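4 protein chains.
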Amino acid sequence: MARLAGSDGKTTALAILKQSRKLIARHGYAAVSMRMIAEAVGVQAGALYQYHSTKQQLLVSLMRDHMEKLLEAWQKEVNIQDSPAQELARFVHFHIRYNITRPDEIFIAYMELRALEPEGFKLIEKLRGEYEAILKTIISRGMKQGQFDCEDAHVGTMAILAMLTGVNTWYRSGGRLSQSKIQDMYAKMILRSVGCKEPNRRLPT
Amino acid sequence: MARLAGSDGKTTALAILKQSRKLIARHGYAAVSMRMIAEAVGVQAGALYQYHSTKQQLLVSLMRDHMEKLLEAWQKEVNIQDSPAQELARFVHFHIRYNITRPDEIFIAYMELRALEPEGFKLIEKLRGEYEAILKTIISRGMKQGQFDCEDAHVGTMAILAMLTGVNTWYRSGGRLSQSKIQDMYAKMILRSVGCKEPNRRLPT
Amino acid sequence: MARLAGSDGKTTALAILKQSRKLIARHGYAAVSMRMIAEAVGVQAGALYQYHSTKQQLLVSLMRDHMEKLLEAWQKEVNIQDSPAQELARFVHFHIRYNITRPDEIFIAYMELRALEPEGFKLIEKLRGEYEAILKTIISRGMKQGQFDCEDAHVGTMAILAMLTGVNTWYRSGGRLSQSKIQDMYAKMILRSVGCKEPNRRLPT
Amino acid sequence: MARLAGSDGKTTALAILKQSRKLIARHGYAAVSMRMIAEAVGVQAGALYQYHSTKQQLLVSLMRDHMEKLLEAWQKEVNIQDSPAQELARFVHFHIRYNITRPDEIFIAYMELRALEPEGFKLIEKLRGEYEAILKTIISRGMKQGQFDCEDAHVGTMAILAMLTGVNTWYRSGGRLSQSKIQDMYAKMILRSVGCKEPNRRLPT
DNA sequence: TATGAATGAGATTTCATTCAT
DNA sequence: GATGAATGAAATCTCATTCAT
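Right, dumping it as structure tokens:
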């Protein structure tokens with residue numbers, strides 16, 4: 010049949026992204042079928058192909074979307090007057106705050122790289138690299154200025170990102186620890202881990 | 010046809026575990042078919058069912074196998090005379106050493122929990138809990154003895170495990186950093202992160 | 010959206026016939042989708058249904074169109090003063106000339122009969138029969154007048170039509186042989202094949 | 010489920026070829042679905058893929074099979090003592106006899122070339138070329154020896170093959186004309202068409 | 001112990017067609 | 001006259017699994 014009265018392309022497009030994000034995060038790209046997504050959206054499977062030419066394309070859209078928004082969000086957050094320690098703390102707070110409210114995006118971004126075909130993989134890897142570079146630059150600057158005592162900026166970057174992103178594997182909103190408490194704890198652990206002596210100053214959560 | 014001359018049940022059983030581990034780690038449980046495994050082993054798909062009653066059972070075998078061996082290995086490693094700091098350092102060295110040589114097992118253990126059906130999930134979760142308890146106990150002991158200054162043993166446990174396990178996402182053998190160098194760097198970062206002042210003593214890699 | 014400024018029903022109608030003819034001739038009715046046709050025309054698939062109620066109807070239009078024009082064209086060609094041999098030669102020249110410039114129509118007319126549903130099939134078969142009857146009548150007349158020595162008018166008709174229509178399977182314009190040369194060669198072969206002794210007189214190509 | 014007691018690969022393989030040949034000849038490659046073939050064979054659609062990796066492969070098998078058998082059959086038929094006229098008559102008789110009993114193969118061979126993807130197309134074209142070369146050689150020999158008066162061996166080849174293959178479009182076994190009568194009529198028409206004066210000697214049907 | 005044939009369900013994707021706008 | 005959104009059916013192909021041999 011045809012279009013239902015009141016149906017609307019933009020609404021459907023958003024619903025597809027939302028539902029597929031949720032499903033893929035829960036079960037994994039390979040385990041989610043186009044039919045499952047369609048059912049969640051409330052359309053037939055064929056309708057999905059008006060918005061994404063293949064299942065793979067849908068995954069790429071999801072991941073690119075997330076990475077681009079993440080990078081933009083940091084740009085709005087950054088404060089050029091920060092010392093390295095302040096900037097690292099700000100980054101920790103930002104990363105946790107941003108990720109804790111978007112567990113599905115994060116999970117997909119980290120877990121479904123292997124499901125990407127070469128073209129999509131290259132695109133997403135580039136965006137990931139840009140985000141890693143932000144943290145690496147902070148650490149390098151702190152090392153140059155003698156504020157941090159870290160042996161290797163790259164290893165530090167990877168270790169800290171793993172630690173931060175790991176929050177999502179155990180954090181439950183409404184759990185024993187508030188988000189701001191977690192942010193403070195992680196900031197402290199991480200500043201210590203790079204050998205920073207400067208006291209951790211409170212930052213907006 | 011019947012059994013090929015020279016074919017051997019034990020050999021096949023091992024080959025199935027080895028190849029399925031490799032394939033599932035690379036592509037994910039849902040993306041690996043029984044036929045792919047069979048081809049890698051060099052048998053027909055039907056033959057796999059002589060060893061594992063379902064695809065799901067095969068996954069459970071793989072994961073239980075890994076967790077049990079990991080726990081056993083730590084038992085052989087532990088030294089009851091260690092101070093908390095020494096034990097934490099030992100744990101860091103152990104975890105990195107053990108995991109760096111078994112990237113596939115680790116990846117599956119962390120990634121395919123969601124692919125487990127309820128029965129298998131309960132079993133594997135129990136074993137994971139036992140491993141986490143080891144680290145949590147170390148931290149708690151260090152806190153009690155005043156050697157560590159950590160606000161929350163559980164959060165510390167999860168943060169440290171995430172950091173450690175993250176090594177596998179970027180470590181390449183033969184890369185710029187040797188395994189023992191990485192172990193030292195992580196031990197330092199982690200001891201600092203729990204507020205330990207005791208100098209890091211060298212441990213066997 | 011509504012009609013685009015400058016779009017025009019007649020133009021679209023012609024474009025649909027032209028593009029569908031081309032596509033169906035190349036790939037076959039079953040292998041051509043309405044979307045492929047729409048894309049070639051430069052409209053959305055839905056727009057095709059303003060001109061043809063179904064895909065099948067579109068095919069019937071294409072075939073009826075061709076057969077009717079072919080029959081009309083012969084009517085303009087015929088010369089009632091021709092002897093049977095002259096008329097046969099005229100027919101050969103006509104058929105080759107007409108078909109060589111319309112390879113797509115011919116191909117569809119001969120190949121897609123099987124794609125017609127009963128109603129359309131009856132219609133097109135009737136028109137085909139009329140065309141075959143023209144040739145059969147020529148041969149019969151030649152036999153009655155003793156100019157041809159052919160054992161069976163029907164077999165002769167079918168054999169000659171197959172031979173003539175086969176030209177399209179190998180003729181390439183600009184190839185080694187000119188159209189008029191081919192017409193002469195075929196006229197000679199065909200007149201001989203029906204045992205006609207009268208010399209082949211030149212006819213307009 | 011599993012294999013049915015008494016089922017047998019060779020039997021199924023033959024049935025697939027037989028049924029797909031029949032169906033593709035009637036409706037065309039694009040219009041025949043794997044399900045239709047499977048139903049005709051009496052298996053599920055998936056079972057077809059044990060024998061042919063794709064639908065396209067199945068088509069190639071069908072066409073190669075036919076062309077190879079056709080070429081072999083002529084090799085058994087040929088008589089090196091034939092004069093060109095005798096050989097041409099023999100070829101006509103052979104072609105009609107062979108094709109009249111295999112209408113499906115012929116139809117597919119001539120009609121589904123366009124359904125072949127490049128790889129398969131190249132293969133089948135090569136075999137077709139070999140068959141055409143047989144007739145072309147006969148005509149060329151007749152021209153050299155002065156027995157035939159034909160202006161162009163290539164055009165003659167294509168014209169005669171079209172004529173001969175066209176028999177299949179109208180012949181119905183048990184119809185008004187017997188096969189041997191048709192063979193004689195065509196041999197006569199064709200020998201005349203190449204300007205051969207030698208009387209047509211009877212050949213085995 | 002393993003093969004080879006098959007199933008039945010389900011995967012992604014495409015199709016002709018419809019209809020509110 | 002045409003679009004854009006959608007349907008429901010069907011296409012090709014893959015999958016886990018079974019079982020006679």
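Residue numbers (the working numbering), protein chains in the order written: chain V, 10 to 214; chain G, 10 to 214; chain A, 10 to 214; chain R, 10 to 214.
Ideal placement from N, C-alpha and C gives every residue a C-beta, glycine not left out.
These numbers were taken from a predicted model, which means no experiment stands behind them.
Minimum Cβ-Cβ distance from residue i to chain V less than 8 angstroms
i: residue 155 of chain G; result: no
i: residue 124 of chain G; result: yes
i: residue 97 of chain G; result: no
i: residue 138 of chain G; result: no
i: residue 147 of chain G; result: no
Buried versus exposed call for residue i [16 or more other C-beta atoms within 10 Å across all chains shown]
i: residue 187 of chain G; result: exposed
i: residue 97 of chain V; result: buried
i: residue 203 of chain R; result: buried
i: residue 71 of chain V; result: buried
i: residue 114 of chain G; result: buried
i: residue 192 of chain A; result: buried
i: residue 58 of chain G; result: exposed
i: residue 121 of chain R; result: buried
i: residue 151 of chain A; result: buried
i: residue 135 of chain V; result: exposed
i: residue 11 of chain G; result: Bear in mind that the predicted position of residue 11 of chain G carries a pLDDT of just 48, short of 50, making it unreliable; the figure below should be weighed with that in mind. Looking at its Cβ environment, which holds fewer than 16 other Cβ atoms inside 10 Å, residue 11 of chain G is exposed.
i: residue 216 of chain V; result: The question about residue 216 of chain V has no answer here: the residues shown for chain V are numbered 10 through 214.
i: residue 14 of chain A; result: Note on residue 14 of chain A: pLDDT 49, under 50, position unreliable in the model; no value is reported.
i: residue 78 of chain R; result: exposed
Cutoff 8 angstroms: residue i Cβ touching any chain R Cβ
i: residue 79 of chain A; result: no
i: residue 120 of chain A; result: yes
Within-8 angstroms CB hit, residue i to chain G
i: residue 182 of chain V; result: no
i: residue 63 of chain V; result: no
i: residue 178 of chain V; result: yes
i: residue 195 of chain V; result: yes
Residue i, enclosing alpha helix (DSSP H) - first and last residue
i: residue 39 of chain A; result: Neither: residue 39 of chain A is in no alpha helix (DSSP H) and is coded neither H nor E.
i: residue 63 of chain G; result: Premise fails: residue 63 of chain G is in no alpha helix (DSSP H) and is neither H nor E.
i: residue 134 of chain V; result: 127-153
i: residue 108 of chain R; result: 93-109
i: residue 173 of chain R; result: 162-179
i: residue 201 of chain G; result: 188-202
i: residue 58 of chain A; result: Looking at the DSSP string, residue 58 of chain A is not in any alpha helix (DSSP H), and its letter there is neither H nor E.
i: residue 54 of chain G; result: No alpha helix (DSSP H) holds residue 54 of chain G; DSSP gives it neither H nor E.
i: residue 113 of chain V; result: 112-120
C-beta neighbour in chain A for residue i, strict 8 angstroms
i: residue 201 of chain R; result: yes
i: residue 74 of chain R; result: no
i: residue 67 of chain R; result: no
i: residue 101 of chain R; result: no
i: residue 152 of chain R; result: no
i: residue 87 of chain R; result: no
i: residue 160 of chain R; result: yes
i: residue 186 of chain R; result: yes
i: residue 171 of chain R; result: yes
### Query
Using a beta-carbon distance cut-off of less than 9 angstroms, what residues from the segment 23-57 of chain R approach chain A?
For the segment 23-57 of chain R, which is checked against every Cβ of chain A, the residues closer than 9 angstroms are 35, 36, 37, 38, 39, 40 and 41.
### Message
Does the contact criterion of 3 or more C-beta pairs under 8 angstroms hold for the segment 170-190 of chain G versus the segment 167-183 of chain V?
### Response
In short, these stretches touch, since the Cβ pair count reaches three.
### Query
Can you list, in chain order, the residues of the segment 105-119 of chain R whose Cβ is nearer than 8 angstroms to any Cβ on chain A?
Answer in chain order: no residues at all.
### Query
Does the pairing of the segment 84-92 of chain R with the segment 19-32 of chain R give three or more beta-carbon distances under 8 angstroms?
The answer is no - the segment 19-32 of chain R does not touch the segment 84-92 of chain R, with fewer than three Cβ pairs under 8 angstroms.
### Query
Does the count of Cβ pairs from the segment 73-86 of chain R and the segment 99-117 of chain R closer than 8 angstroms reach three?
A contact between stretches requires three or more CB pairs, one per stretch, nearer than 8 angstroms, and the segment 73-86 of chain R meets this requirement with the segment 99-117 of chain R.
### Query
With contact counted as at least three CB pairs below 8 angstroms, one residue from each stretch, are the segment 64-78 of chain A and the segment 118-136 of chain A in contact?
Output reads yes: the segment 118-136 of chain A touches the segment 64-78 of chain A.
### Query
Using 8 angstroms as the threshold, is the segment 50-64 of chain R in touch with the segment 19-26 of chain R, meaning 3 or more CB pairs across them?
Because the criterion of three Cβ pairs below 8 angstroms is met, the segment 50-64 of chain R and the segment 19-26 of chain R touch.
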